[in-house]
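Accompanying notes for the structure given below.
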Amino acid sequence: MDILAPIDGSDCSFRALRFAADFARRYEADLDVVHFTDSRGRDTESLLERAEELLDEEGVRADPEVVTDVRLGNLKASDQVGRDILDLVEDRGYDHVVMGHHGSGMVEELLLGSAAETVIEPGSVTVTIVP
147 MDILAPIDGS DCSFRALRFA ADFARRYEAD LDVVHFTDSR GRDTESLLER
197 AEELLDEEGV RADPEVVTDV RLGNLKASDQ VGRDILDLVE DRGYDHVVMG
247 HHGSGMVEEL LLGSAAETVI EPGSVTVTIV P
């Protein structure tokens, strides 16, 4: 089984990552961690370090990945991230996506909530939403 865990730096996304890591360890599944952004900077590096520490604590091997070619165009950021997640699922053949239901703060809560909804709606992959 191949699991994808998208993270955005929010506490909710890291709870989802911990759940995904535990699930991967228990069921001997492969776990990929990805962060979508339009640029890579110090905040991104800090987020990746935090993810790596969590994975080490859980005893799971995974190299967090950053996707920096997010293009918004006429889409809301959350819709684009949701579509980018679905593209990765299709391209790489993931069986399961584990993600948080919202980001941190009022705006982020609405945004990642929409991303989660975008991933769930087509029903093309099993999705676990972690509160």
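For the sequence shown, our numbering puts the final residue at 277, and the numbers step up evenly by one.
Note that CB positions come from ideal geometry on N, CA and C, so glycine has one too.
Given the structure is predicted, the values throughout are model-derived calculations rather than measurements.
Give a yes or no on whether the C-beta atoms belonging to Val180 and Val212 are separated by under 9 Å.
Position 34 of the sequence shown, counted from the first residue, corresponds to residue 180. Position 66 of the sequence shown, counted from the first residue, corresponds to residue 212. Cβ atoms of Val180 and Val212: closer than 9 Å.
For Thr190 and Leu256, the rounded distance between their alpha carbons:
The count along the sequence shown starts at 1 and reaches residue 256 at position 110. The count along the sequence shown starts at 1 and reaches residue 190 at position 44. In this prediction, Leu256 has a pLDDT of 43, which is less than 50 and means its spatial position is unreliable; what the coordinates show is noted afterwards. When rounded, the distance between both Cα atoms is 21 Å.
CB-CB under 8 Å to Ile149, same chain, minus the five flanking residues each way: which ones, in chain order?
Against the sequence shown, residue 149 aligns to sequence position 3. Contacts found: Ala166, Phe169, Ala170, Ala175, Asp176, Leu177, Asp178, Tyr240, Asp241, His242, Val243 and Val244.
Please classify Gly155 as buried or exposed, where buried requires at least 16 neighbouring CB atoms within 10 angstroms.
The count along the sequence shown starts at 1 and reaches residue 155 at position 9. Classification of Gly155: buried, given that the 10 Å Cβ count is 16 or more.
CB-CB length for Phe160 against Arg196, believed under 8 Å:
Along the sequence shown, read from residue 1 onward, the residue named residue 160 stands at position 14. Along the sequence shown, read from residue 1 onward, the residue named residue 196 stands at position 50. Contact holds; Cβ gap of about 7 Å.
Reduced DSSP category for Ala208 - H, G, I as helix; E, B as strand; rest coil
The residue you call residue 208 lines up with position 62 of the sequence shown. In this structure, Ala208 counts as coil in the three-state DSSP scheme.
Across which residues does DSSP place Leu150 in a beta bridge pair?
Locating residue 150 in the sequence shown gives position 4, where the first residue counts as 1. According to DSSP, Leu150 bridges with Asp178 and Val243.
For Val271, which three-state DSSP category applies?
Within the sequence shown, the letter at position 125 stands for residue 271. Coil at Val271, not helix or strand.
Could you give the distance in angstroms between the alpha-carbon of Asp230 and the alpha-carbon of Pro210?
For the purposes of this step, residue 230 is taken as the residue at position 84 of the sequence shown. For the purposes of this step, residue 210 is taken as the residue at position 64 of the sequence shown. Between the C-alpha atoms of Asp230 and Pro210 there is a straight-line separation of about 16 Å.
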